[in-house]
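Peer 1: In UniProt numbering, the protein residues as written are 1 to 248.
Here a beta-carbon is modelled for each residue, glycine too, at the ideal position from N, C-alpha and C.
Please read all numbers here as calculations on a predicted model, not as lab measurements.
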Ligand code: ADP
Ligand code: MG
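See below:
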């Protein structure tokens, strides 16, 4: 029986059903102890492989997303956030905006939870099968500027450009020169109507022009970002300040 089992496991491996190959002895034991029909038995095997693959795919995409930290929406406390109610949060969580390629702009001063909310939505999107990338504005500009001669930047940008959701954190926190604004415009133009973007910023879009410098480019960027957008203004006191653990 045993050498037969090993043969069988090798067949599964050849068919690239590696998860099932490893688990086969347990599945067979379970089958012997139960009253499964042939059909149920096959279903058990196929479902096992599919579930494992799904888990692996989620794990892989979570790593690729490069979140600075993992905080889910379940950890997002609404009692301190009067600018966002439960119904709105649930709507965001359903991800219709992502399916319809809407962008999301999360505005507000530091510490109100913009990054946390963006990451929480990113995690949700990965669990639902989307590809997500998180990048700060500073990193993004750096990637764009080094794309031509750095393999690592190329890989990162290719992932960004093929993601369903790109989270750009802390937009306009620094002023850009015209070359940077140009590179940024080309990226936005590429993502436009192909993917969704979540932008977090402590400045409202009407102030973005100051930082982008060039008026023509600012208009072109805003045009694409604001074409299909949902804006969430988060103006409560800093969660970080309210919940900080003081020494005294
Ligand atoms: P921002 O990006 O707006 O500057 P962050 O998202 O980085 O703020 O939030 C700062 C810290 O406070 C993080 O640790 C975050 O998890 C926490 N935080 C902010 N708002 C909330 C909230 N509503 N519920 C739970 N934690 C929050
Ligand atoms: Mg932030």
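(1) Can residue 51 be considered in contact with the ligand NAD, in the sense that its beta carbon sits closer than 6 angstroms to one or more heavy atoms?
(2) Please work out which residues of its chain come closer than 8 angstroms, Cβ to Cβ, to residue 47, disregarding the five sequence neighbours upstream and downstream, and give them in chain order.
(3) Does DSSP put residue 62 in a helix, in a strand, or in coil?
(4) Comparing C-alpha positions only, which one of 114, 8, 208 sits nearest to residue 167?
(5) What are the boundary residues of the alpha helix (DSSP H) that residue 153 is part of?
(6) Going along the chain, which unbroken runs of the alpha helix (DSSP H) with 4 or more residues stay wholly within the UniProt domain "AAA+ ATPase" (100-235)?
(7) Taking contact to mean at least 3 C-beta pairs separated by less than 8 angstroms, is the stretch 68-75 in contact with the stretch 112-129?
(8) Relative to the C-alpha of residue 232, which residue among 120, 215, 83, 186 is closest?
(9) I'd like to check one pair, residue 133 with residue 159: are the Cβ atoms closer than 7 angstroms?
(10) Can you name, in chain order, every residue of its own chain whose Cβ lies under 7 angstroms from the Cβ of residue 181, other than the five neighbours on each side?
(11) Applying the criterion that 16 or more other CB atoms from any shown protein chain within 10 Å of the CB defines a buried residue, is residue 5 buried or exposed?
Peer 2: According to the structure shown:
(1) Absent from the structure shown: the ligand NAD. Ligands present: the ligand ADP and the ligand MG.
(2) none
(3) helix
(4) 114
(5) 151-161
(6) 114-127, 137-146, 151-161, 178-191, 205-212, 215-227
(7) yes
(8) 83
(9) yes
(10) 212, 213, 214, 217
(11) exposed
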